[in-house]
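Residue numbers (the numbering used here), protein chains in the order written: chain A, 1 to 263; chain B, 1 to 334.
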């Protein structure tokens, strides 16, 4: 894979909170077309790493590259403007608003005529058509695009959030514990959608505590330990218990010790 | 089929409209005079002030806030508009510009209206700043500014301003369509409702106001500038309170330092009767107009039946509780 340029790459990210070292020189690479899971014990710097990649925090040092170009995200808006979208664990939808309104929340489209330019009138038809298209791309079945999101199940609501990210991301979709608030059946639906997002050509970063989900879905697994990357493994080469062993430091992989750079 | 009926019944504004219709039919059967053009026009006239205040209140409640200060902002703004127009505050300016007496009677009111409007918008903005910068609950903030503007009105004057220039009372003037007298104030109320309807339903800021009230966290995560949306909402509400001040002067033809003291609760009543949820994010401005009309019809109809006015207050109270109960119930069902 080394001859392919990573879509998103981080080198030696460092972040201190007072005297606590959240990231102690963490590396990360995400390649085109993959679902890369990020796992790690509490305090391993997993969520700090993701926040740095999504612009929610600014690392003290280290460098992030997007398609080989050095970038610096000062806010999630910065990251989003560069085509990186994040799906959060809390169902980030407006329940009383309908599916179309939720898909375009914060990105409403104005009419391209005098009513739109002078009077700010929204192009509801275009938004409805585009939203219908997004949902069809993901084979996401819904009765009506105009039904309020609160009439949907939890899984469908998260599905709307996933569809929103997939629709507007041009580079990366980050899924931060997307199934944490959902039941088994609902989770299955969301996992299915995540696969479809990858198959549509967008690489996905999946943060999850749920090992079975990770092993089911991920193409590669980034294991974070003590503020660094301990290893990157493939789920068909290592078992879940191996993964846990690497997370806790009971096992290391030849040539992938956190101290060495493998690129 | 039943699902469809259910959907129509739970559509916002349908409930309030039905209530308004039932009330109108009832009062018509009690007294034929109720349905005359002039009486219906009078009902709308009587709700122009509270209706305009309720437009601002709707915006605030849609953001999951509440505004207790609106009646007193209106009162202060109204006192500034009226008193400065007649107490000679602008005599030096008039002398400087060398205006004739008749010209001054036009120019000065326009100046005082502008001042009153700016103060009202500023008062709304102040509420918004306190809510967004200090992160205080809107209930507490507006309870504070309620007292501040009550006091400011009294500090400014305790006497009424009378013999106001015509410009100030323009919206109280009438025109006639088929023997029905209609005030320009009525037209202004309808225009303000229409503009607000457009902003809320057809523009980005409107969608953002709903989103902020519905789920502020989701709004923030999708990149909506939540605090800026709130500041715009509170300032817009302030603008409505200024317009309410102008309409109040037009109706009463005086500047009344005692005005507006119960208006906050009346405006909240209109909003709630109109089907807007106190939890934020649900409701619409047409409902608020209907809610204001329900109050107006109830008062007027009971008055025509000769029911003592205290019973009007009693009925309004029962209606409000019913409306809030329906809101709670539909929230739980949804």
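The beta carbon of each residue, even a glycine, is placed where N, CA and C say it ideally should be.
With respect to the beta strand (DSSP E) encompassing residue 6(A), which residues constitute its N-terminal and C-terminal limits?
Annotation: residue 6(A) is outside any beta strand (DSSP E) and is labelled neither H nor E by DSSP.
Per DSSP, residue 303(A) is paired with what?
Nothing can be reported for residue 303(A): it is not among the residues displayed for chain A, which extend from 1 to 263.
Rounded to whole angstroms, what is the Cα-Cα separation between residue 63(B) and residue 324(B)?
17 angstroms
For residue 104(A), collect the residues of the same chain with a Cβ closer than 6 angstroms to its Cβ; drop the 5 residues on either side in sequence, then sort them by chain order.
127
At a Cβ threshold of 8 angstroms, is residue 203(B) touching chain A?
yes
For residue 230(B) and residue 128(B), what's the separation of their Cα atoms in angstroms?
6 angstroms
Does the segment 31–51 of chain B come within contact of the segment 275–285 of chain B, defined as at least 3 CB pairs closer than 8 angstroms?
By the C-beta criterion, the segment 31–51 of chain B is judged not to be in contact with the segment 275–285 of chain B, since fewer than 3 inter-stretch pairs fall below 8 angstroms.
Would DSSP call residue 276(B) helix, strand or coil?
coil
Tell me whether residue 135(A) sits in a helix, a strand or coil according to DSSP, three-state version.
helix
Closest Cβ-Cβ distance between residue 97(A) and chain B: below 8 angstroms?
yes
Across which residues does DSSP place residue 61(A) in a beta bridge pair?
Under DSSP, residue 61(A) shares a beta bridge with 14(A).
Does DSSP put residue 228(A) in a helix, a strand or coil?
strand
Any C-beta of chain B within less than 9 angstroms: which residues of the segment 77–101 of chain A qualify?
77, 80, 86, 88, 90, 91, 92, 93, 94, 95, 96, 97 and 101
Using CA atoms only, rank isn't needed, just tell me which of 6(A), 48(A), 5(A) and 31(A) is closest to residue 228(A).
48(A)
Kindly give me the distance between the Cβ atoms of residue 116(B) and residue 250(B), rounded to whole angstroms, as I take these residues to be in contact under 8 angstroms.
Not really, about 13 angstroms apart at Cβ, beyond 8 angstroms.
Would you kindly report the start and end of the unbroken beta strand (DSSP E) that includes residue 94(A)?
From DSSP, residue 94(A) is part of no beta strand (DSSP E); its letter is neither H nor E.
Can you give the Cα-Cα distance for residue 406(B) and residue 261(B), rounded to whole angstroms?
It is not possible to answer for residue 406(B), since the shown part of chain B is limited to 1 through 334.
Helix, strand or coil for residue 121(A)? Go by DSSP, reduced to three states.
Strand at residue 121(A).
Around the C-beta of residue 300(B), are 16 or more other C-beta atoms found within 10 angstroms, so that it is buried, or is it exposed?
buried
Short of 6 angstroms in beta carbon distance, which residues of its chain neighbour residue 17(B), apart from the five on each side in sequence? Order them along the chain.
290
Can you list, in chain order, the residues of the segment 179–210 of chain B whose Cβ is nearer than 7 angstroms to any Cβ on chain A?
Residues passing the 7 angstroms Cβ filter: 202, 203, 204, 207 and 210.
Can the beta-carbon of residue 247(A) be found less than 8 angstroms from the beta-carbon of residue 25(A)?
no
By the criterion of Cβ-Cβ separation under 7 angstroms, what are the contact partners of residue 121(A) in chain B?
202 and 203
Tell me whether residue 87(A) sits in a helix, a strand or coil according to DSSP, three-state version.
Residue 87(A): strand per DSSP, three-state reduction.
Where in the segment 200–230 of chain B do unbroken runs of the alpha helix (DSSP H), each at least 4 residues long, occur, reported from the N-terminal end onward?
204–214 and 216–221
For residue 251(A), I'd like the list of residues in its chain whose CB is within less than 7 angstroms of its CB, leaving aside the five on either flank, ordered along the chain.
242 and 245
Hey, residue 87(A) and residue 162(A) are a contact pair by Cβ (cut 8 angstroms); roughly how many whole angstroms apart?
6 angstroms
Check the Cβ-Cβ distances between residue 217(B) and every residue of chain A, and say whether any is below 8 angstroms.
Interface residue, yes.
Can the beta-carbon of residue 200(A) be found less than 8 angstroms from the beta-carbon of residue 230(A)?
no
Is the Cβ of residue 282(B) closer than 8 angstroms to any Cβ of chain A?
yes
Flag this pair as touching only if the segment 71–81 of chain B and the segment 145–155 of chain B have three or more C-beta atom pairs under 8 angstroms; answer yes or no.
yes
Assuming residue 186(A) is part of the alpha helix (DSSP H), what are its boundary residues?
184–199
Can you pull the chain B neighbours of residue 105(A), defined as C-beta to C-beta under 8 angstroms?
207, 211, 218, 219, 222 and 224
Examine chain B for any beta-carbon lying closer than 8 angstroms to the beta-carbon of residue 108(A), and answer yes or no.
yes
Indicate whether the contact test is met: 3 or more Cβ pairs, each with one atom in the segment 20–34 of chain B and one in the segment 102–116 of chain B, closer than 8 angstroms.
Contact between the segment 20–34 of chain B and the segment 102–116 of chain B is absent, with fewer than three C-beta pairs closer than 8 angstroms.
Determine whether the Cβ of residue 67(B) lies closer than 8 angstroms to any Cβ atom of chain A.
no
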